[in-house]
Amino acid sequence: MVIGDTAAYSAVGGIVFYNSAKTGRAFQGVTISDVDVSGFNNGIEIGGPLAGFHDVAITRAVVHDNREAGLVTYGPPLDSDAPRYANENVSVSSVEAFRNAGDATNAVRNTGSGIILGSVRGGTVAQSSAHDNGWLCKAGEGPAGIWAYDSTGVVIEHNVAYHNLTGSQVDGDGFDLDQNTSDSVLQYNLAYDNAGAGFLLYAAHAGLHNKNNVVRYNVSVGSPSAGGWYGAITVAGQVSGAQVYGNKAVAPETGEQRAPAVRLAGPMSDIVVRDNVLVAGDNGPFIAADGVDSSAFVLQNNDYYGPSGSLGVNPPS
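Per numbering that gives the first Met the number 0: the sequence shown = residues 0 to 316.
Following this line, the structure appears as structure tokens:
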């Protein structure tokens, strides 16, 4: 058991592997198992400013009551023209991340996530859970239970994310494949009662893309928990080549603005939404699209259920 104090909570990681090599050379072999880490800025953090670590295995870990994240890997900002990933072959399994609150004083970037894979080539998160995180995040970008950014070849499967929150109006999602994530998969996961989307594909900036990702065989219930803009499954921004199929998405029935089962938004392309079970809440749409050209997505063989939900594409609000 590793427990931090007040000073550690604001600035220090609990278990830290930091690569300071100026040559950009990655180090090999990190194993972390059977630990309980709390009271730090990040519970477990792995990476470096130029390079990180290859062959990383984290299993049977509990990371809770930290400020910024339960578990995080990271590296240098990704150059989309010549992508280079700091960490490789990262395996996360049987990890529970909860009550990682977020930093209310940080208005610049997201804090308060459970498990984050950043700058990873080839990674898995499996048989893990993230819950009750993120309620103090006040930034214009929010936290998520389990997510990846600046990564490729990541598989997030057989996990559960619930009651992840945000202190602002954005995110608090269950699962997310975010900025610069490619060729990755969300599958066989359960998301419920999260403040934001149950499952999110998102990329904010032109020229930096979220591409060729798959969301399949997942279940989302009651997310977004208070209704609102997000859908149970949300694809938004500079996203291309996404496949969303075989999921069950149940929109919540609460909130003044009724959330859709699927939300599409922004300048996306080549999005396929097929063979899903989509359940609308009372007075809510099955699918809503904001600022999306109809040629950018395909809806195929979905099943639609709802008391009074309306099938169709809503205009931007």
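Idealized CB from N, CA, C, for every residue including glycine.
This structure is a prediction, so every number in the text was calculated from the model and none was measured.
Around the beta carbon of His208, a 10 Å sphere encloses 16 or more other beta carbons of the protein chains shown; the residue is thus reported as buried. Remark: C-beta atoms of Val71 and Asn41 approach each other more closely than 7 Å. Collapsing the DSSP output to three states places Thr5 in a helix.
Of the other Cβ atoms in all chains shown, fewer than 16 fall within 10 Å of the Cβ of Tyr304; this residue is therefore exposed. For Phe52, the enclosing beta strand (DSSP E) stretches over residues 52 to 63.
Arg120 is bridged by DSSP to Glu87, Thr151. Between Ala279 and Ala248, the gap from beta carbon to beta carbon reaches 7 Å or more. For Tyr161, same chain residues with a beta-carbon under 6 Å away, outside a window of 5 residues either side, are His130, Tyr191, Asp192 in chain order. Distance from Asp269 to Tyr244 at the Cβ level is roughly 14 Å; contact not present, criterion being Cβ atoms closer than 8 Å.
For Ala25, the secondary structure class from DSSP, reduced to helix, strand or coil, is coil.
Thr30 is bridged by DSSP to Ala56. A Cβ-Cβ separation of about 4 Å places Gly117 in contact with Tyr73 under the 8 Å criterion. Between the region 172 to 192 and the region 221 to 240, the count of Cβ pairs shorter than 8 Å is three or higher; the stretches touch. Beta-bridge pairing by DSSP links Tyr244 to Arg215, Arg273.
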